[in-house]
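Using the working numbering, the letters of the sequence shown map in sequence onto residues 446 to 627. Below you'll find the structure, written out as structure tokens, and then a few comments.
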Amino acid sequence: MLKKILIMASGNGSNFENIVKKLENQVDIELFTENKSAYVIQRAEKLKVKTHIIDFKSFSRDEYDDELYNFLKKQTPELIVLAGYMKILSPKIVDNFKIINIHPSLLPAFPGINSIKKAYDYGVKITGVTVHWVDRVVDTGKIIEQKSVKIENSTTFQKLEKKIHEIEHEIYPCVLKKLLGL
Ligand code: GAR
């Protein structure tokens, strides 16, 4: 029987689609989103991936955390894979599940949101992508993999953004394969 992973995504879903395309037939993948208008839902439909939605806006924060915890308990995925999931997970969830995240900077530099832009505007000469375990504090968990990208004087923000996504699409499936023993 294939191992099951749950990908959690809030928006565009390019990492989700890339993982599905690279790992289908090797692992059983389902999608979770808290955003019922996320584009990732359309990607999942096309790829015939089962989607679970808990609408963040329909609950108080505590209710949402409970709903999500109960849902995850029922799902029992081998691994939870955050791919542009933009909500903070509750301590109870973080403490009870194996969760990894991909982040578009070389952590611990530029945690949080808009990290590609923050790195670009800061003027760093090297930035990159980090895959890490998720712990109770945002973007501080143990690092699993990192890959750097050089920012040349001629690098525009758009070029950098494209390169960062290319690197994400290259390394996330590789990390997953290693962690899942595929
Ligand atoms: C990715 O760049 C991912 O690293 C980032 O959101 C983007 C999602 O893109 N995540 C974070 O910034 C988490 N702090 P996608 O929806 O096209 O996969």
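Cβ atoms here follow ideal geometry from the backbone N, Cα and C, with glycine treated the same way.
Bounding residues of the beta strand (DSSP E) (the contiguous stretch that carries residue i)
| i | result |
| --- | --- |
| residue 593 | 588 to 595 |
| residue 576 | 571 to 578 |
Terminal residues of the alpha helix (DSSP H) in which residue i lies
| i | result |
| --- | --- |
| residue 475 | Segment 473 to 478 is the beta strand (DSSP E) holding residue 475; no alpha helix (DSSP H) there. |
| residue 464 | 459 to 468 |
| residue 485 | 484 to 492 |
| residue 515 | 506 to 520 |
Chain D within 9 Å of residue i, Cβ atoms only
| i | result |
| --- | --- |
| residue 557 | Given the protein chain composition of this structure (a single chain), no chain D is represented. |
Proximity test, residue i beta-carbon vs the ligand GAR heavy atom, cut-off 8 Å
| i | result |
| --- | --- |
| residue 580 | no |
| residue 453 | no |
| residue 566 | no |
| residue 557 | yes |
| residue 446 | no |
| residue 457 | yes |
| residue 490 | no |
Cβ-Cβ separation, residue j to residue i (assumed contact under 8 Å), whole Å
| i | j | result |
| --- | --- | --- |
| residue 512 | residue 495 | Their Cβ separation, rounded to whole angstroms, is 18 Å, which puts residue 512 and residue 495 out of contact at 8 Å. |
| residue 557 | residue 584 | 7 Å |
Status (buried if at least 16 other CB within 10 Å, exposed otherwise) for residue i
| i | result |
| --- | --- |
| residue 555 | buried |
| residue 551 | buried |
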